[in-house]
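Under the working numbering, the first residue of the sequence shown carries the number 1400, and numbering increases by one thereafter. So the structure is just underneath, and the comments pick up after that.
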Amino acid sequence: MTDNELLLAISNIMDKKIEPLKKDIEEIKQEQTRINIIIENDIKRDIKMLAENYLPASKRFDSEANKITAIEEDVKLLKKVVTEHSEKLQKIS
């Protein structure tokens, strides 16, 4: 075998070994494209919706938390007044 024939044989062997790798790389590229489409169409949209609704919801929760705190204080006061009135009624009867 001449040097050229050896080089050609080596080249053919390399091509045969590289071909499955090329196929794998192409499949990975296709999967990456599919993932990018999912990210662009679904995930980004969902994250945008979450972000748009986060601040209004956060403000609403803060407002409601303040209302709940006020209600808790009112209930404590009512319990105290009811207890005092109950004690006074017990003394009267």
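We put the CB at the ideal spot given by N, CA and C, even for glycine.
Here the C-alpha atom of Thr1401 lies approximately 10 Å from the C-alpha atom of Leu1407.
Rounded to whole angstroms, Lys1443 and Ile1427 show a C-alpha spacing of 22 Å.
In this chain, the alpha helix (DSSP H) harbouring Ser1485 covers Lys1443 to Ile1491. Pairing Lys1479 with Glu1472, the inter-Cα distance amounts to about 11 Å.
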